[in-house]
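Asker: There's a structure below that I have some questions on.
Here it is in structure tokens:
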């Protein structure tokens with residue numbers, strides 16, 4: 001039982017020796033940042049196997065642990081952060097059951113058996129995904145084909161110069177789009193770095209925002225996006241059908257000037273999750289201006 005306690009329950013725990021020699025294929029061997037500061041947070045790497053059951057792995061340094069199995073195959077282009085929303089009472093219940101089975105008296109085991117026959121057992125819910133790459137998640141029906149184990153996971157070396165560059169970049173611009181960072185990094189440091197490797201460096205100085213006025217941006221760990229009206233210049237635009245590429249307001253100085261000129265109408269000063277520090281009117285007007293400019297560029 002001690003060995004089984006190492007695993008979290010997804011549908012039920014499983015030991016490596018019970019797999020019967022099934023070969024696994026790991027879909028990705030990189031690391032990404034954890035978005036939320038949670039006590040119970042893990043890395044989930046999807047795998048595929050020959051049958052209709054997927055194996056979920058936890059990657060820790062260069063070690064691989066099997067967490068459990070799921071009926072669906074989850075295939076990720078990047079690793080996914082997730083957290084188990086397990087109630088403390090649930091965890092305590094199964095710990096108590098384990099203790100009774102391992103060390104309990106005959107009477108305690110009989111009482112436990114009676115309880116399990118008539119009571120609805122508490123359960124571990126499915127993990128909550130909190131990754132900024134959730135759009136990369138696909139549920140597949142796999143076909144029977146030969147799949148080989150992936151290579152051993154090894155954390156890549158951290159380049160000191162690259163890390164220093166990112167730290168300085170966030171001192172200048174504390175909130176930046178992922179694509180902006182990637183382009184700056186490749187132009188100034190090394191265009192051979194994959195974005196997944198850049199994420200490893202970013203994890204040391206920033207966190208990722210998935211939604212809201214700073215959607216798809218990395219934010220300096222030392223700031224609070226909700227208490228500085230000057231951060232309006234970092235809000236993300238480009239959500240119209242014509243303009244498919246996102247950008248931040250500071251990347252188009254003419255739009256920043258437009259906000260400043262119409263401050264009474266465009267600037268709220270108070271943060272909202274929907275409009276940031278701008279008004280609804282500002283968002284509508286700026287998006288219309290963006291769409292008009294993009295149409296002009298298309299037909300110019």
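Numbering (full-length UniProt numbering), first residue to last: 1 to 300.
Beta carbons: idealized from backbone N, C-alpha and C, even for Gly.
These numbers come from a predicted model, not from an experiment.
Within 8 Å (strictly less), CB to CB, does residue 267 reach chain C?
Answerer: Within the model displayed, chain C is absent; a lone protein chain is all it includes.
Asker: Give a yes or no on whether the C-beta atoms belonging to residue 217 and residue 236 are separated by under 8 Å.
Answerer: Position 217 of the chain shown, counting from 1, holds the residue named residue 217. Position 236 of the chain shown, counting from 1, holds the residue named residue 236. Against a cut-off of 8 Å, the Cβ pair of residue 236 and residue 217 comes out as a contact.
Asker: Judging by CA-CA distance, which residue of 177, 247 and 232 is the nearest neighbour of residue 273?
Answerer: As a first step, residue 273 is located in the chain shown; it is residue number 273 there, counting from the start. Minimum Cα distance to residue 273 is reached at 232.
Asker: Which two residues bound the contiguous beta strand (DSSP E) that contains residue 206?
Answerer: The sequence position of residue 206 within the chain shown is 206, counting from 1. Its beta strand (DSSP E) spans residues 206-209.
Asker: What's the gap between the Cα of residue 102 and the Cα of residue 112?
Answerer: As a position in the chain shown, residue 102 is number 102, starting the count at 1. As a position in the chain shown, residue 112 is number 112, starting the count at 1. About 12 Å.
Asker: Can you list, in chain order, the residues of its chain whose CB lies under 6 Å from that of residue 229, leaving out five sequence neighbours each side?
Answerer: Counting from 1 along the chain shown, the entry for residue 229 is found at position 229. 269 and 277.
Asker: Comparing C-alpha positions only, which one of 257, 263, 271 and 219 sits nearest to residue 227?
Answerer: Your numbering for residue 227 matches position 227 in the chain shown. Among 257, 263, 271 and 219, the Cα nearest to that of residue 227 is on 271.
Asker: Out of 202, 182 and 250, which one is the CA nearest neighbour of residue 164?
Answerer: For this step, residue 164 is matched to residue 164 along the chain shown. Selected option, being the one with the closest Cα: 202.
Asker: Quick check: the Cα distance between residue 265 and residue 253, rounded to an integer number of angstroms?
Answerer: Sequence index remark: in the chain shown, residue 265 carries index 265 (1-based). Sequence index remark: in the chain shown, residue 253 carries index 253 (1-based). Between residue 265 and residue 253, the C-alpha separation is close to 18 Å.
Asker: Taking all protein chains shown into account, do 16 or more other C-beta atoms lie within 10 angstroms of the C-beta of residue 128, making it buried, or fewer, making it exposed?
Answerer: In the chain shown, counting from the first residue as 1, residue 128 sits at position 128. The pLDDT assigned to residue 128 is 47, lower than 50, so where the model puts this residue is not dependable; a value taken from the coordinates is nonetheless given after this. It is exposed - the Cβ of residue 128 has fewer than 16 other Cβ atoms within 10 Å.
Asker: Rounded to the nearest angstrom, how far is the Cβ of residue 301 from that of residue 198, given a contact under 8 Å?
Answerer: Limits of the chain in this structure are 1 at one end and 300 at the other, which puts residue 301 out of reach.
Asker: Compare the Cα-Cα distances from residue 260 to each of 245, 171, 246 and 286 and report the closest residue.
Answerer: For this step, residue 260 is matched to residue 260 along the chain shown. Closest by alpha carbon: 286.
Asker: If you draw a straight line from the C-alpha of residue 282 to the C-alpha of residue 267, how long is it?
Answerer: Position 282 of the chain shown, counted from the first residue, corresponds to residue 282. Position 267 of the chain shown, counted from the first residue, corresponds to residue 267. The straight-line gap from Cα to Cα measures roughly 8 Å.
Asker: Between the Cα of residue 210 and the Cα atoms of 182, 175 and 222, which residue gives the shortest distance?
Answerer: Within the chain shown, the letter at position 210 stands for residue 210. The residue with the shortest Cα to Cα distance from residue 210 is 175.
Asker: DSSP puts residue 276 in a beta bridge; with which residues?
Answerer: Within the chain shown, residue 276 is the residue found at index 276, counting from 1. Residue 276 is bridged to 272.
Asker: So what's residue 109 in DSSP terms, helix, strand or just coil?
Answerer: For the purposes of this step, residue 109 is identified with residue 109 of the chain shown, where counting begins at 1. Correct three-state label for residue 109: helix.
Asker: Tell me the DSSP secondary structure of residue 181 in three-state form.
Answerer: Within the chain shown, the letter at position 181 stands for residue 181. Residue state, collapsed to three classes: helix.
Asker: With a threshold of 16 other CB atoms inside 10 Å of the CB of residue 304, please say whether the residue is buried or exposed.
Answerer: Outside the shown range of the chain, which is 1 to 300, sits residue 304, and nothing can be said about it.
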